[in-house]
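Below you'll find the structure, written out as structure tokens, and then a few comments.
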Amino acid sequence: MIQFHALEIPQLERFLERHRSGLSLKSDVDLDLVLRQILQKAYEFVPSESGSILLDDPYRKVANRGENELVFVATFGHASRDLIGHRLSAHHGIVGRVYETGTPYLSAEVDRDAYFYSAIDQQIGHKTHSVVAVPIYIGKNVCGVLELINRLEGKAFTQRDMTLLEIFAGYTSFMLQNALDAKRAQELAKRDDLTGLYNDRWFNVRLNEAIGDARKSGKEAVLIFMDLDRFKVINDCHGHLAGSQVLREVGFILKRSVKQEDATVARYGGDEFVMILPETSLDEGVEVCESIRDAIASTTYLSGEWGFSMPPLNLHGILSASLGIAQFVPDPKSTQPLDQDKNDLLRRADAAMYRAKSRGKNQVVVSRMGDTVHDEPGGELSEAAR
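Laid out in structure tokens, this is it:
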């Protein structure tokens, strides 16, 4: 019986991390099943010894296709399981040519084909006689290749086979595009329109999840509350349009400063921002706070044209940030409701942030688990915070 294989869902997710309409998207579609079904249908219409779907890696993708790598994300046939996850340079082989040119290719005798790359055969102990391969698109951009190897019953691949395979490649493109569009709708509902950060609704969902995960893993996490200092001065002196643009620029700073992949960075409302850092120690969280505090204070805002007929304002030395960071250390013996842990963490982070404001702004205040709020004036750790 022919077996069809695909990457596991967590690995497949990265191949949908593609930019469309300005958003980085993932999908909850059962993509591994879809890809295996596509290969199965391709096999039924064009019976072949083996076949593969290869996609480029959007995390490493560059404009020059020849410099990219293709990854085997779904396969069937002899030793095909061994190919899952294997990377192939787009410089190599018939598959690479199809990806680079964006055009289908049929090779009836690969031994006479200068584009054929034999290293894969040598790796898995296989003998390729003929190949048909077609590009996979998302919109107008090539993102991968669908290929079949060695038509069954000793027959040669035909132009009709290549046309059928193009149909299946089109179906693959359709499914990938649908996955992106579905996720785009979900993602927009989670985002703040102004900054592109997550909104407060999604923040609360993620905070519940982060606390639940911490309880299961036993690893601590931190929550950061941040409020901009003297933001009202910008609105009063330069207008709300300028203030809105400054908030966008602060959003960019937070995205650059919080590098942890599983972190959640959200706009809480007005000029308040929150950050959840799972599996993060208090000391590590304080380092992130200091990086943010320094970046907010040292940035020159509105340094370029920021709207129609809006000249640069070069605002420097006006804006700073007060940050409160609260530590969450899960207690394996605790029986209190998750909401109680969540509300306590929120209260402590919020109180720490307001303590930073009352102490003179532009500083970080620390709240340890089960402890009173400690402050960190001028960005320097106090003895209590250590």
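Residue numbers (my numbering): 86 to 471.
We put the CB at the ideal spot given by N, CA and C, even for glycine.
Exclusion of the five residues before and after residue 125 leaves 89 as the residues of its chain whose Cβ lies within less than 7 angstroms of its Cβ.
For residue 137, there is no enclosing alpha helix (DSSP H); the residue is part of the beta strand (DSSP E) that begins and ends at 133–141. For residue 190, the beta-bridge partners assigned by DSSP are 218. Setting aside the 5 residues that flank it on each side, residue 353 is surrounded in the same chain by 285, 359, each with a C-beta closer than 6 angstroms to its C-beta; the list follows chain order. The shortest C-alpha to C-alpha distance from residue 433 to any of 357, 335, 307 is the one to 307. Per DSSP, the beta-bridge partners of residue 386 are 400. Beta-bridge partners of residue 314 (DSSP): 405. Secondary structure of residue 256 (DSSP, three-state): helix. The three-state reading of DSSP puts residue 199 in coil, since its state is none of H, G, I, E or B. Assigned with DSSP and collapsed to three states, residue 242 falls in coil, not helix or strand. In this structure residue 140 is buried. Its beta-carbon is surrounded by 16 or more other beta-carbon atoms within 10 angstroms. Residue 353: member of the beta strand (DSSP E) spanning 349–354, first to last residue. Note on residue 134: 16 or more other CB atoms within 10 angstroms of its CB, so buried under the neighbour-count rule.
Here the region 416–432 makes no contact with the region 375–387; the two share fewer than three CB pairs at distances below 8 angstroms. C-alpha of residue 346 to C-alpha of residue 283: approximately 14 angstroms in a straight line.
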